[in-house]
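All letters in the sequence shown, in the order written, are residues 1 to 543 by full-length UniProt numbering.
No residue lacks a Cβ here, since even glycine has one placed at the ideal position from N, Cα and C.
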Amino acid sequence: MAFDTAKPQRMESNDNRPKPEQQHVENLEEDVTGLEDPDRPGVAHRVNKPELKAEDAYEHLGYSYPTWKKWFILSVMFIIQISINLNASLYANAVDAISEKFNVSQQAARVPQLTFLCAYAVGCELWAPWSEELGRWPTQQLSLLLVNIWQFPCAFAPNYATLVICRLLGGLSTAGGSVTLGVLADMWEPEDQEYAIAFLVLSSVGGSVVGAVVGGFVEHNQPLRWIFWTQLIAGGAVQIIHFLCVPETRSTIVLGRLAKKRRKDGENIWGPNEVKERRMTLREVLVVWSRPFYMLITEPIVAWLSIVSGFSDNLIFIFLQGFQPVYKQWGFGTIGISLAFLPLLVGYILAYLSFLPSIHMFRQRRRKHGPDSVSPEARLWWLRYVILLEPIGLIGFAWTSLGPQRGVPWIAPMIFSCLVGIANYSVYQSSIDYTVAAYGVYAASATGGNDFARDFLSGIAALYSTPMYSNIGKQYPLEWASTILAAIALLVTAPVFYFYSHGEQLRKRSRFASRIERERREAKDYRLRRAGGKEAQSAHEKA
1 MAFDTAKPQR MESNDNRPKP EQQHVENLEE DVTGLEDPDR PGVAHRVNKP ELKAEDAYEH
61 LGYSYPTWKK WFILSVMFII QISINLNASL YANAVDAISE KFNVSQQAAR VPQLTFLCAY
121 AVGCELWAPW SEELGRWPTQ QLSLLLVNIW QFPCAFAPNY ATLVICRLLG GLSTAGGSVT
181 LGVLADMWEP EDQEYAIAFL VLSSVGGSVV GAVVGGFVEH NQPLRWIFWT QLIAGGAVQI
241 IHFLCVPETR STIVLGRLAK KRRKDGENIW GPNEVKERRM TLREVLVVWS RPFYMLITEP
301 IVAWLSIVSG FSDNLIFIFL QGFQPVYKQW GFGTIGISLA FLPLLVGYIL AYLSFLPSIH
361 MFRQRRRKHG PDSVSPEARL WWLRYVILLE PIGLIGFAWT SLGPQRGVPW IAPMIFSCLV
421 GIANYSVYQS SIDYTVAAYG VYAASATGGN DFARDFLSGI AALYSTPMYS NIGKQYPLEW
481 ASTILAAIAL LVTAPVFYFY SHGEQLRKRS RFASRIERER REAKDYRLRR AGGKEAQSAH
541 EKA
């Protein structure tokens with residue numbers, strides 16, 4: 001999921017001087033080592049036309065929507081995310097049938113799941129610049145249409161190769177969070193986004209579980225093609241709802257439409273995209289595509305949070321294969337195994353609810369003491385208390401997988417999988433929230449790296465998860481597989497505590513985050529100077 005936070009700020013006075021944060025936002029993008037094109041459109045390529053600014057039409061932008069409308073639009077984006085993640089996880093219930101139909105091994109039958117997820121990891125980044133340039137609505141509609149189209153050749157695939165290729169194309173066609181979180185950023189200012197982010201994260205993690213639950217019923221009651229028809233029905237339904245209910249929210253597109261309307265009334269005004277001599281070049285598109293991977297490699301905070309987040313998401317796709325041998329010990333059938341994923345969903349919901357008090361607490365502190373009273377590291381405060389539930393949940397799940405022959409009830413591993421769900425949601429929510437706070441206008445690229453890691457690691461899990469639960473040792477293979485995962489979880493989650501304590505020092509050494517921090521200080525100084533000037537002017541007028 002890529003996040004666009006570089007958006008217009010509302011002017012709070014008639015002072016037409018640009019704020020420091022506005023002065024530098026356009027220049028921030030120019031100075032990324034080895035990637036940026038200083039000849040950026042919209043900066044050096046403006047023609048001499050009066051431009052309609054966001055502050056002049058703020059009431060027409062998504063930020064000014066009534067609260068009910070914002071949450072209605074966000075709810076539509078929520079079900080789109082559910083549909084997207086359902087496409088990824090529902091396929092696991094087709095593995096046996098595909099293996100039999102095309103006479104391939106079960107390992108080979110999992111390759112289409114790998115190709116979809118790995119292509120999805122890349123596809124999110126490929127769609128990102130177009131949602132900025134052409135608008136959220138047409139980009140989302142085109143993405144959903146293509147994803148739905150690729151369900152047909154998957155359902156009617158005459159051979160195994162067709163299925164692999166069409167699943168890959170379906171993944172590349174998926175815009176995912178690059179549009180979804182962009183819509184969120186179009187409607188909420190950065191300091192007001194936490195509740196909305198927490199809500200959308202629930203859809204991202206919950207969609208995979210919904211797919212696992214639905215998949216069991218489809219596999220049990222319908223032939224293979226219905227795995228893909230179910231995806232098509234869900235995708236078609238959300239596309240129609242989006243088409244009818246969601247307006248364009250991208251500020252540059254809205255301003256352009258408003259400018260055209262005003263020109264018809266005789267006013268000489270032009271939208272932001274209309275005052276550019278040209279649109280994005282191929283080089284500039286490549287810059288946008290490349291930056292998430294560049295930050296993933298060069299930024300320690302981005303890299304490690306992406307690893308933690310990717311590993312947590314990876315667990316769900318391992319469970320898609322690992323739950324079957326575990327719960328078969330208690331006589332669970334296809335539907336029973338699918339319902340065993342519900343404790344994960346319960347964990348996600350509990351985690352979501354647990355974040356609401358801390359979000360409220362820090363928002364109140366910022367309102368009372370100013371935005372600088374809460375550091376970005378505060379976004380990791382609650383995560384410190386729940387992240388250890390991941391290794392605890394995994395080790396508990398491991399040794400309650402001994403089965404009924406050891407007197408273990410079936411509900412025991414479900415309880416521990418619920419703990420894993422709590423940790424999984426918390427990791428994703430906190431890593432996205434912290435990255436947005438730490439990287440400001442670079443958050444789109446930073447969170448893009450996070451999403452790439454999640455989807456890519458989930459994709460490769462399709463190949464090793466089943467062998468992992470069957471080939472590790474002759475005794476206790478199920479238990480040792482989850483124990484290894486618990487050890488890895490303990491290793492990859494430990495740095496979260498370091499980031500909480502030393503994140504400020506790490507950000508100072510970061511080329512991206514340090515520049516954002518400098519911008520914040522300059523903005524604060526400007527606000528103080530302006531406030532001082534107003535007080536002096538008021539005193540002079542009274543005198």
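Nearest-angstrom Cα separation, counted from residue j out to residue i
i: isoleucine 241; j: glycine 449; result: 29 Å
i: arginine 509; j: leucine 52; result: 38 Å
i: leucine 485; j: phenylalanine 116; result: 24 Å
i: arginine 110; j: alanine 487; result: 26 Å
i: serine 354; j: threonine 400; result: 26 Å
i: valine 205; j: threonine 281; result: 35 Å
i: serine 445; j: proline 66; result: 29 Å
i: asparagine 27; j: serine 501; result: Residue confidence for asparagine 27 is low, a pLDDT of 40 falling below 50, so the modelled location carries little weight; the figure read from the coordinates is stated next. So the two alpha carbons sit approximately 31 Å from each other.
i: residue 558; j: glutamate 479; result: Outside the shown range of the chain (1 to 543) lies residue 558, about which nothing can therefore be said.
i: alanine 57; j: isoleucine 269; result: 12 Å
i: threonine 298; j: threonine 447; result: 14 Å
i: leucine 419; j: leucine 490; result: 14 Å
i: valine 308; j: methionine 468; result: 20 Å
i: phenylalanine 193; j: glycine 256; result: A small fix is needed here, since residue 193 is glutamine in this sequence, not phenylalanine. Cα-Cα distance, rounded: 25 Å.
i: isoleucine 460; j: leucine 114; result: 6 Å
i: threonine 33; j: glutamine 321; result: Low confidence applies to threonine 33: its pLDDT is 39, below 50, so where it sits in the model is not reliable, and the reading given next is rough at best. Those two C-alpha atoms are separated by around 42 Å.
i: histidine 45; j: lysine 276; result: Legend: pLDDT at histidine 45 = 45, less than 50; position of this residue unreliable, value from coordinates given subsequently. Answer to the nearest angstrom: the Cα atoms are 5 Å apart.
i: arginine 363; j: leucine 356; result: 11 Å
i: alanine 513; j: phenylalanine 456; result: 25 Å
i: phenylalanine 499; j: leucine 506; result: 8 Å
i: tyrosine 160; j: asparagine 471; result: 26 Å
i: histidine 369; j: tryptophan 68; result: 28 Å
i: asparagine 314; j: proline 50; result: 50 Å
i: glutamine 140; j: leucine 402; result: 46 Å
i: phenylalanine 72; j: proline 112; result: 34 Å
i: asparagine 221; j: threonine 483; result: 34 Å
Candidates the options, of which the one nearest residue i by Cα
i: leucine 142; options: Gly235, Pro272 and Thr447; result: Gly235
i: tryptophan 381; options: Tyr327, Phe341, Ile415 and Tyr434; result: Tyr434
i: serine 131; options: Gly182, Arg367, Asn87 and Leu168; result: Gly182
i: residue 544; options: Gln107, Tyr476, Arg225 and Ser178; result: Because the chain spans 1 through 543 in this model, residue 544 falls outside it and cannot be assessed.
i: isoleucine 312; options: Val427, Ala88, Tyr469 and Pro477; result: One detail in the question is off: residue 312 reads as serine in this sequence, not isoleucine. Measuring from the Cα of serine 312, the nearest candidate turns out to be Val427.
i: alanine 462; options: Leu258, Ala155, Ala94 and Ala54; result: Ala94
i: leucine 305; options: Arg136, Gln140, Ser470 and Asn424; result: Asn424
i: glycine 135; options: Leu315, Gly421 and Asn273; result: Asn273
i: serine 251; options: Pro495, Asn471 and Glu189; result: Glu189
i: glutamine 405; options: Gln151, Pro391 and Trp330; result: Trp330
i: valine 238; options: Leu169, Val122, Leu74 and Ala92; result: Leu74
i: threonine 230; options: Ser178, Ile387 and Ser83; result: Ser83
i: proline 391; options: Leu184, Ala494 and Tyr160; result: Ala494
i: leucine 383; options: Gln81, Val496, Leu168 and Val147; result: Val496
i: lysine 261; options: Arg511, His60, Leu388 and Leu506; result: His60
i: isoleucine 316; options: Pro292, Leu342 and Ser514; result: Leu342
i: serine 358; options: Thr334, Phe332, Tyr385 and Gly333; result: Tyr385
i: methionine 414; options: Ala88, Gln222 and Phe319; result: Phe319
Residue j beta carbon less than 9 Å from that of residue i
i: tyrosine 352; j: phenylalanine 199; result: yes
i: cysteine 118; j: threonine 174; result: no
i: glycine 232; j: alanine 155; result: The amino acid occupying residue 232 in the given sequence is leucine; glycine does not appear at that position. A contact, by the Cβ cut-off of 9 Å.
i: glycine 207; j: asparagine 85; result: yes
i: arginine 379; j: alanine 340; result: no
i: alanine 481; j: alanine 398; result: yes
i: tryptophan 137; j: proline 247; result: yes
i: glycine 62; j: aspartate 186; result: yes
i: glycine 171; j: serine 338; result: no
i: leucine 163; j: isoleucine 80; result: no
i: leucine 345; j: valine 213; result: yes
i: aspartate 451; j: alanine 121; result: yes
i: glycine 310; j: arginine 454; result: yes
i: glycine 503; j: serine 375; result: yes
i: phenylalanine 78; j: glutamine 151; result: no
i: glycine 177; j: alanine 88; result: no
Contact set for residue i: own chain, Cβ-Cβ below 7 Å, skip 5 residues either direction
i: glycine 336; result: Tyr327
i: isoleucine 253; result: Gly135
i: glutamate 191; result: Arg366 and Pro371
i: serine 431; result: Leu305, Val308, Ser309 and Asn450
8 Å Cβ shell around residue i - same chain, five flanking residues per side excluded
i: tyrosine 348; result: Leu202, Val205, Gly206, Val209, Gly421, Ile422, Asn424 and Tyr425
Chain-order list of residues whose beta-carbon lies under 6 Å from that of residue i (same chain, five-residue window excluded)
i: glutamine 23; result: Low confidence applies to glutamine 23: its pLDDT is 36, below 50, so where it sits in the model is not reliable enough to give any reading.
i: methionine 295; result: Val302, Ser445, Ala446 and Gly449
i: glycine 396; result: Phe416
(message) Just to confirm the assignment: which complete beta strand (DSSP E) runs, minimum length 3, are found wholly within the stretch 288–352?
(response) Taking only runs of at least 3 residues, no beta strand (DSSP E) segment lies wholly in the stretch 288–352.
(message) Ignoring anything shorter than 4 residues, give me the alpha helix (DSSP H) runs that lie fully in the stretch 457–526, in order along the chain.
(response) Scanning the stretch 457–526 for uninterrupted alpha helix (DSSP H) segments of 4 residues or longer gives 477–493 and 495–508, listed from N- to C-terminal end.
(request) Jot down the residue ranges of each uninterrupted alpha helix (DSSP H) in the stretch 115–188, minimum 4 residues, whole runs only, in chain order. (result) List check, alpha helix (DSSP H) in window: 136–149, 151–155, 160–172 and 177–187.
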